[in-house]
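> One structure is given below, represented as structure tokens, and several questions about it will come after.
In this note's numbering, the protein residues as written are 266 to 308.
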């Protein structure tokens, strides 16, 4: 039970619980990939 309680606290503090921040980072990555693809597709 002690391990489970510790894991819960770690999960609550992890970046995965920051949904807005996580989505913003994923969107930024997708935009960068799209720009890179468009640049290479045009050449």
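Backbone N, C-alpha and C fix where the C-beta goes; we use that ideal spot for every residue, glycine too.
Between residue 280 and residue 286, is the Cβ-Cβ spacing less than 8 angstroms?
In the chain shown, the residue the question calls residue 280 occupies position 15. In the chain shown, the residue the question calls residue 286 occupies position 21. The answer is yes: Cβ separation under 8 angstroms.
> If you follow the alpha helix (DSSP H) that residue 294 is part of, which residue opens it and which one closes it?
Position 29 of the chain shown, counting from 1, holds the residue named residue 294. Looking at the DSSP string, the run of the alpha helix (DSSP H) that includes residue 294 is 284-307.
> Return the CA-CA distance between residue 275 and residue 294, expressed in angstroms with no decimal places.
By one-based count along the chain shown, residue 275 stands at place 10. By one-based count along the chain shown, residue 294 stands at place 29. Cα-Cα distance, rounded: 26 angstroms.
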